[in-house]
Structure formats: C-alpha cells, structure tokens
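Residue numbers (this note's numbering): 38 to 372.
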C-alpha cells in the first residue's frame with residue numbers, strides 16, 4: 038500500500054478548471070480536500086525522541102573520571118591484544134579470539150592468554166592444527182576455558198571453509214560463528230573493520246546504564262540494554278560509550294559497593310549511595326561480611342542478573358582501582 042505522501046507525488050492535483058471539466062460532481066473535489074486535510078493532521082503528531090535528562094552532563098563527568106586511561110580495559114582490552122605486525126586478516130582474527138576469550142573473564146587474564154596464543158601462533162591454521170589439550174593449556178585460566186577451546190576450533194574451521202581464513206565483515210556473519218554473541222560482533226565490527234554497527238554492551242555497560250537511569254525502563258540483560266541505548270544515544274557516541282563505561286565500571290561504579298563518594302555523578306545519579314557504604318570497612322573487620330556470610334548483599338532488582346555474571350567473573354572485589362585514580366577523583370570532589 039502506498040503512503041499518502043507517495044500518492045500525492047504520483048497523482049498531483051489538476052488545476053481547478055480541469056478538475057471541474059473532468060469531474061463535474063463536487064463530491065470528487067471534496068474527497069481530495071479531505072485527503073489533504075488528513076495528511077496535514079497526521080504530520081505534526083510525531084512523538085519526541087526520549088532521552089535521559091542529565092545524560093550529557095553525566096557523560097562529561099565520566100569522560101573526566103576516565104581521562105587517566107588507567108583502567109584494565111585501556112591496556113589489556115581487545116584493541117591491545119592483537120599483533121600489530123601481523124597481516125590484516127590475522128589481526129582481525131586475533132581481535133575476534135580476544136573477544137571470545139574475554140567473556141566472563143577479567144582483562145588481565147584475557148591479555149595473558151592472548152600473549153601465550155600469539156607466541157604459539159594465533160592464526161586460523163595454527164588453531165586448527167593444535168590439539169584440544171594444548172589449546173586448553175594456552176588459554177587457561179580464562180572463564181569456561183573448556184567451552185572456549187571447542188568454540189575456537191569450530192569457529193576457526195568455519196572461517197577457513199567459508200571466509201578464506203578472515204572473519205565476516207557483518208554482524209549477521211559474526212553471530213553465526215560458535216561462541217560469538219551480539220556484544221562481540223559489534224565490538225569486532227568496530228575494532229577489526231572500523232565500522233560502527235551497534236553498541237557493544239557487556240555487564241559493565243548494562244549495569245551502569247541502569248544505575249544512571251539512561252534507559253526508559255529497567256532492562257534485564259545486556260542485549261535489551263543495547264537496543265534501549267541505541268534508541269536515543271547519538272550514533273557518533275556508540276563506539277566511545279563501551280570503552281568509557283567499561284573502564285568506569287572497573288574502577289568506580291563497581292558491581293557491589295560502588296565508590297559513589299568519589300564519583301562526580303553522585304549528585305545526579307538516581308542510584309548513588311543506595312548500595313555504597315559511607316566508609317569502606319577494612320578487610321577482616323567485624324563490619325566486613327565474610328565471603329561465606331549468610332547475610333545477603335542488597336542490590337537493585339535490575340542489577341541482579343548482571344551481578345550473577347560478574348560474581349562468576351570474580352569482579353566483586355574493587356582491586357582494579359589505582360591509587361592515582363583514587364587521589365585524582367577525591368581531589369576533584371573536594372575542590
């Protein structure tokens with residue numbers, strides 16, 4: 038069916054004298070008039086695009102807090118794990134491998150595994166020629182390393198057979214690969230192919246977006262968060278937002294007990310201080326809950342799914358916050 042706008046272009050209104058000659062009955066002209074009036078009424082009814090009230094200010098503060106570029110993702114993320122001297126198709130493959138290994142794994146562990154793989158020879162051909170036991174030893178102790186051995190073998194075989202040893206240049210092709218999900222696909226498109234196809238949303242981006250109120254309604258998983266963010270976040274920020282929020286989540290907006298007291302967004306964040314103690318108890322003190330304590334950690338309902346993943350990933354302890362970052366953030370707060 039054609040839209041009203043298309044019909045207008047296909048059948049322009051004839052001059053009044055011709056219309057009277059061709060259509061002697063006035064009802065014809067009234068029908069045309071009603072059709073135009075309907076179009077005029079419909080056009081102004083477009084709904085305004087929703088966006089969070091303070092997001093630009095909050096994003097500016099996050100950029101300021103991330104200006105040191107000293108989070109694990111800055112030095113050991115997927116952009117730092119490939120061999121810059123290798124041929125282009127090998128570099129792209131190594132980016133994909135690092136993303137596959139990074140699932141449920143800290144950047145430090147992923148980087149160490151990639152270093153061993155590159156020393157062994159991280160190419161499609163070498164992965165296929167390496168037996169499962171040897172490959173497992175190379176990538177251990179990344180999370181779910183046994184499954185990842187299987188995925189690496191299956192993906193390498195598929196790349197060799199269908200893509201000539203290179204990785205697909207589309208999200209649709211990437212998500213067909215065993216062990217590759219939407220987050221990895223969008224990040225691979227950005228890093229390996231220099232194409233922004235979508236926002237790479239991991240548990241950090243998912244958690245922080247919900248805490249800041251950057252979503253029209255709370256989301257249950259990273260894929261829901263990606264779709265919700267892409268509805269309003271300007272496309273020119275899609276590539277930057279992953280790097281910013283991942284590092285921010287590693288250093289300040291932690292999964293449990295976030296450091297709200299040193300966060301520049303503490304006065305505008307709707308979740309500030311809700312699950313952050315006024316003073317952090319020392320490890321082993323009576324106020325500090327033991328790992329086997331029966332007391333439950335209070336969390337926001339919308340964060341529970343993300344926290345389960347991150348607990349597996351052993352990211353509960355805020356060990357990645359450098360002393361330099363702490364001093365810088367505290368100084369900014371006190372000024």
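For glycine and all other residues, C-beta sits at the position ideal for the given N, C-alpha and C.
Source: prediction; values computed, not measured.
Rounded to the nearest whole angstrom, the C-alpha separation of residue 254 and residue 272 is 20 Å. Note that the C-beta distance between residue 286 and residue 241 is below 8 Å. Taken atom to atom, the span from the alpha-carbon of residue 89 to that of residue 99 is near 15 Å. Assigned with DSSP and collapsed to three states, residue 300 falls in coil, not helix or strand. Here the segment 245-263 lies against the segment 298-311, with 3 or more beta-carbon pairs under 8 Å apart. C-alpha of residue 114 to C-alpha of residue 87: approximately 32 Å in a straight line. Using a C-beta cut-off of 8 Å, the segment 162-170 makes contact with the segment 181-193, since at least three inter-stretch Cβ pairs fall below that distance. Within the model, the alpha-carbon separation for residue 202 versus residue 196 is close to 5 Å. One thing to note: residue 225 has its Cβ within 8 Å of the Cβ of residue 132. The residue from 91, 116 and 85 with its alpha-carbon nearest to that of residue 277 is 116. The alpha carbon of residue 93 has as its nearest neighbour, out of 270, 256 and 155, the alpha carbon of 270. Note that the C-beta distance between residue 120 and residue 128 is below 8 Å. When the beta-carbon positions are compared, residue 279 and residue 228 stay at least 8 Å from each other. Only residues of its own chain outside the window of five on either side were considered, and among them 115 and 147 have a CB closer than 7 Å to the CB of residue 139, listed in chain order.
In this structure, 211 is the residue among 211, 206, 267 and 234 with its C-alpha nearest to the C-alpha of residue 137. A straight line joining the alpha-carbon of residue 174 with that of residue 292 spans about 30 Å. Separation of residue 298 and residue 311 (C-alpha to C-alpha, rounded to the nearest whole angstrom) is 11 Å. Residue 222 sits buried, since 16 or more C-beta atoms from the chains shown fall within 10 Å of its C-beta. Per the coordinates, the alpha-carbon of residue 159 lies some 14 Å from the alpha-carbon of residue 194.
The three-state secondary structure of residue 153, taken from DSSP, is helix. Secondary structure at residue 131: helix, using DSSP grouped into helix, strand and coil. In terms of Cα proximity to residue 283, the closest of 85, 123, 231 and 143 is 143.
Contact between residue 118 and residue 135 is confirmed by a C-beta separation of about 4 Å, below the 8 Å threshold. Leaving aside the five residues that flank residue 302 on each side, the residues in its chain whose CB is nearer than 6 Å to its CB run, in chain order, 95 and 98. For residue 216 and residue 185, the gap between their C-alpha atoms comes out near 7 Å. Between residue 238 and residue 259, the C-beta gap is smaller than 8 Å, which places the two residues in contact. Counting the other Cβ atoms within 10 Å of the Cβ of residue 234 gives 16 or more, which makes it buried.
By the neighbour-count criterion, in which 16 or more other beta carbons inside 10 Å mark a residue as buried, residue 150 falls on the buried side. If you look at residue 262, you'll find it in the alpha helix (DSSP H) that goes 259-267. Residues 235, 236 and 275 of the same chain have their beta carbon placed closer than 8 Å to that of residue 267, with the five preceding and five following residues left out of the count.
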